[in-house]
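Working notes, beginning with the structure itself.
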Amino acid sequence: MENAKMPKVGIVMGSDSDMPVMAKAADILEELGISYEMRVISAHREPDVFFEYAKTAEEKGFQVIIAGAGMAAHLPGMCAAIFPMPVIGIPMHTSSLGGRDSLYSIVQMPSGIPVATVAINGGANAGLLAAKILAVADKELLKKLRSYTENLKKQVQSKDARLQERGYRAYLEEMKK
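Given below as structure tokens:
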């Protein structure tokens, strides 16, 4: 567990090769002060461990699970089949099909087993979506999300001001450095 409080979010991935993407979700949760637990569990290679994880997630205090998977991408859907609260799936980019295989495996769930799905390698958006789900019942977190959004707006305005001041050629040169 990354945070001393009982984790509100479970972050699970099928392979440590998914860590760079899943870390983006963890970074967002940390920035917003949301406790989480991160695990590497293969639904295919250790189904007993996976089933125990998903069955005990609610009693551990999880309110949302973020599950990342590539290729056949069963991890998010299986979490959703067992865990009664929201599951957010992150399809991983794959070398063979560019992540479309992962995306289709996660987004095409049967009726009754929904998985919220973000973009391929969309770790940061998964963290933000988990925060937004939790903010429904947490006014302090909602304030933090509003501030986060305002900071995004200020970043874009700052970039536009720099573009207007310097012109696009100088702006491009600065971006290359």
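For the sequence shown, the numbering used here gives the first residue as 29, with consecutive numbering after it. Here a beta-carbon is modelled for each residue, glycine too, at the ideal position from N, C-alpha and C.
Query: Rounded separation between K172 and S123 - CA only; Result: 37 Å
Query: Residues that DSSP places opposite V135 in a beta bridge; Result: None, per the DSSP bridge assignment.
Query: N-terminal and C-terminal residue of the alpha helix (DSSP H) that G151 is part of; Result: 151–163
Query: Beta-carbon spacing of I118, G89 below 8 Å; Result: no
Query: Pairwise C-alpha distance: L180 and S186; Result: 10 Å
Query: Bridge partners - Y64, DSSP secondary structure assignment; Result: V37
Query: Inter-residue Cα distance where the pair is V135 and L200; Result: 37 Å
Query: Nearest-angstrom Cα separation, counted from F111 out to L60; Result: 24 Å
Query: Cβ separation of M66 and A97, assumed to be a contact under 8 Å, to the nearest whole Å; Result: No, M66 and A97 are not in contact; Cβ-Cβ is about 14 Å, not under 8 Å.
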